[in-house]
Amino acid sequence: MKITEHRIISHSPEETARLGAILGKYLSNGSVIALTGELGSGKTCLTQGIARGLQVPEDLCITSPTYTLVNEYPGRLRLFHVDLYRIEDVAELDEIGLDEIMGSDDVTVIEWAEKIMEALPKECLCISISIVDDHTRDFLLTGCGQTAVDLIEKCLHEFGL
Amino acid sequence: MYLVTAQQMKEMDRLTIESFGIPGIVLMESAGRGAVDALLRRFPDIYHMKVGIAAGRGNNGGDGFVIARYLASNNIELAVFLLSEKQHVQGDAATNLTLLEQMGIPVHEIPDTASFESHQPQMRQYDLWVDAMLGTGLKSDVRGRFKEVIDFVNTLQKPIMAVDIPSGLDSDTGKPRGACIRATMTVTFGLPKIGQVVLPGAELVGTLEVVDIGIPPAVVYEVGPKYHLLTQNLIKASFKPRTLQAHKGTTGHLLVVAGSPGKTGAGIMTSRAAMRMGAGLVTLGIPKSLNMAMESQLTEVMTEPLPETPSQTLGLSAYERIMSLLEGKKGLAIGPGLGTAKTTQNLVRKLVQTSPVPVVIDADGLNSLIGDLTYLKNLKAPVIMTPHPGEMARLVGTTPSLVQQERMGVARNFATTHKVYLVLKGARTVVAHPDGTVFINPTGNPGMASGGMGDVLTGIIAGLIVQGLPVHEAVNAGVYLHSSAADLLARNKGPVGFLASDVIEILPEHFKELVEAPPGPPQPNSFIKTL
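Order-wise, the sequence lines are chains A and B.
Numbered by numbering that gives the first Met the number 0, the letters in the first sequence go through residues 0 to 160 in order.
Numbered by numbering that gives the first Met the number 0, the letters in the second sequence go through residues 0 to 530 in order.
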């Protein structure tokens, strides 16, 4: 299977949101995006951008579903925003039907995906975020499968890299 | 009886395993065995039934695997439907899954929606279902194949035993999340969960059985649950037989301040309820021009004409007289039928703040406090407030539907903030104490939604207080007895159409029955309690 890795540096939350919006614009049916990175690294900010790129209505507020685990938004493609911060045991994922969500035609964005690496589908986009300094974030994009590889190519191009 | 949250129960399990030293697999074994005992008792003809067990891959499923073993040992035909792949089952549940396979019990894997669809015809052949899919740790709405299977099992119209909690029920709030099993019976482990006794959870749970799995009292104490279920035994413990020396002087004197033109009945109800509850003396203070009419309706209750305003209501002019009447009284009940005149409100506010004896406030008494709760500061004596959801909403400045969504939280928050006893009426009345302890009342029925019921509750609580019962016990006992008396009426007279005055009339005999009731014969299995 095709795998690529690319690094993108963002210098502000606005730039992070722009990266998200570009991703959202090119996402296709059934995409799964796994986000990893510590608290405050910008996972939710990136997801907000992705939602904009997916044309989720502007009046819908995108917040991290820390307590509900899953939020669902309508858009060009339906977006499932999953937050696994409170998950202590993989069996707890059954109730939210994560397998079904990831296997659907909708887009799934998963925060704290490090907790379920072995349960991710073979084809997905993993984004690992590191904090460089107060404003700067290092995004490591790993595309697994042709669709994700193509997606990264398009993003890099539009982002100006 | 203690009620716990999911988190508290989890902590008790953990301490029992790690500090006390009972291995987790032993707890799982005890849970499963207890559930089977309860199941065999409830369904004596289960030996002729085919039992389907729907199991998740976590500990709840593990309990289901233990149940499968013991049912198989009893030669009951069964199959397990595992909503996962066998390889994904871990820990104690995996150990028990291996045992199932050694016994040759069929385990069907349903790891996705497609396999669920292919198993549906087979699943329709079972006569009774055991729900061991999702336990008490639910953290979000149920989606995916679990939701589909839950909805499917509900549509089969077969009896369902839920293991620990119906899958999809939030064990803290009693609300279904996304989808929820509608159980015939639920066998829960250790202690009942809050969400199993409040609505709508209590209806989705069916009959609730509690299995003692060996969690030691010291562990329960260490975790320290703040929520309790009112039970007959708890209420009984408040009442010791009256001594022979009791006379009307020691059994307490209550002052009821109530009434306004056109609203005289409420005060009469409250006064009579207090007397039927055993108060030695009751004085009803009313606007003086209403005294004649009231006096002719009351024989045992004394009336006291109070200074009134030109509109025949009570105002601040009655304050001094009421304060002097309170000398020698053990309690004050204020509010029923008082009306909402501005000066009446000022009177109530001043009385609540300065009363030297416990005050029970209801109805227009509560309305008097709306908009300015500073009068609840620096109280001289315990205050008991008994709002219905509408009054509660006005007190805290919200809507009745929001109050109903967060009944326990709203009541507890008010009680702890203002240091009062807060009785939030409605199905499953919540009694919140100033120290943050919360009691849920399981008695009562829809037939109680009729005029005067609240006036009677006020009288019952006040009547118990003046007899010397500690306030915290009087509030609990009053709430329980009021509704259990109504339950007795609903059984004997019919579910609707009994009156608040009927409740008053049966109080003495109902109280006698309750206090004299034997503790009950030992149950066949002493480690299972039916609630």
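For glycine and all other residues, C-beta sits at the position ideal for the given N, C-alpha and C.
Model, not experiment: these values are computed from the prediction.
Relative to Gly338(B), the option among Ile503(B), Val256(B), Gly167(B) whose CA is nearest is Val256(B).
In the DSSP assignment, Glu108(B) forms a beta bridge with Leu81(B). In the three-state reduction of the DSSP assignment, Thr529(B) falls in the strand class.
For Ser139(B), the closest Cβ of chain A is nearer than 7 Å.
Phe19(B) counts as exposed, since fewer than 16 other C-beta atoms from the protein chains shown sit within 10 angstroms of its C-beta. Ranked by how close their Cα comes to the Cα of Arg32(B), the residues Thr97(B), Asp163(B), Gly103(B), Phe151(B) have Asp163(B) in first place. A residue is called buried once 16 or more other Cβ atoms fall within 10 Å of its Cβ, and Asp434(B), having fewer, is exposed.
A direct Cα-Cα distance of roughly 53 Å separates Leu124(A) from His417(B). With 16 or more other CB atoms across the displayed protein chains lying within 10 angstroms of its CB, Gly63(B) is buried. At a C-beta separation below 8 Å, Leu133(B) has these neighbours in chain A: Asp93, Glu94. Taking a beta-carbon distance threshold of 7 Å, Gly200(B) does not count as an interface residue toward chain A. A straight-line Cα-Cα distance of about 6 Å links Ala461(B) and Ala273(B). Residue-level contact by beta carbon holds for Arg85(A) and chain B, with a gap shorter than 7 Å. For a Cβ distance threshold of 9 Å, residue set Arg142, Gly143 of chain B lies close to Ile100(A), ordered along the chain. Pairing Ile383(B) with Glu108(B), the inter-Cα distance amounts to about 56 Å. Note on geometry: alpha-carbon atoms of Leu160(A) and His5(A) lie some 10 Å from one another. The beta-carbon distance between Val186(B) and Met160(B), rounded to whole angstroms, is 6 Å. This is short enough to meet the 8 Å contact definition.
Exclusion of the five residues before and after Asn345(B) leaves Leu315 as the residues of its chain whose Cβ lies within less than 6 Å of its Cβ. Phe238(B) sits in coil when the DSSP states are folded into three classes, being neither helix nor strand. With a minimum length of 3 residues, the unbroken runs of beta strand (DSSP E) contained wholly in the segment 22 to 65 of chain A fall at 31 to 35. The way I'd put it, the segment 301 to 321 of chain B doesn't touch the segment 488 to 501 of chain B; fewer than three beta-carbon pairs between them come closer than 8 Å. Measuring C-alpha to C-alpha distances from Phe138(A) to each of His10(A), Gln145(A), Leu119(A) identifies His10(A) as the nearest.
Cβ-Cβ separation between Pro441(B) and Arg427(B): approximately 7 Å, consistent with a contact (criterion under 8 Å). Val131(A) has a beta carbon lying at 7 Å or more from every beta carbon in chain B. Counting only runs of at least 3 residues, the segment 391 to 427 of chain B fully encloses the following beta strand (DSSP E) elements, listed from N- to C-terminal order: 420 to 423.
If you ignore the 5 residues before and after Leu68(A), its C-beta comes within less than 8 Å of the C-beta of Val81, Asp82, Leu83, Arg85, Ile86, Ile95, all in its own chain and listed in chain order. Taking a Cβ-Cβ threshold of 7 Å, none of the residues of chain A is close to Lys192(B); the smallest such distance is about 16 Å. According to the DSSP assignment, Val222(B) belongs to the alpha helix (DSSP H) that extends over 216 to 222. A direct Cα-Cα distance of roughly 10 Å separates Val89(A) from Val88(B). The alpha carbon of Thr298(B) has as its nearest neighbour, out of Thr312(B), Gly370(B), Arg271(B), the alpha carbon of Arg271(B). A check of alpha carbon separations from Glu152(A) across Ile21(A), Ile100(A), Ala118(A) identifies Ile21(A) as the nearest. Relative to the Cα of Leu119(A), the nearest Cα in the group Ile128(A), Gly142(A), His134(A) belongs to Gly142(A). Contact between the segment 33 to 42 of chain A and the segment 103 to 117 of chain A is present: three or more C-beta pairs spanning the two stretches fall below 8 Å. Within chain A, the residues placing a beta-carbon under 8 Å from that of Asp111(B) are Asp98, Glu99, Gly102, ordered along the chain.
A check of alpha carbon separations from Gly458(B) across Val474(B), Met447(B), Ser449(B), Gly443(B) identifies Val474(B) as the nearest. Rounded to whole angstroms, the separation of the alpha carbons of Gly173(B) and Pro355(B) is 40 Å.
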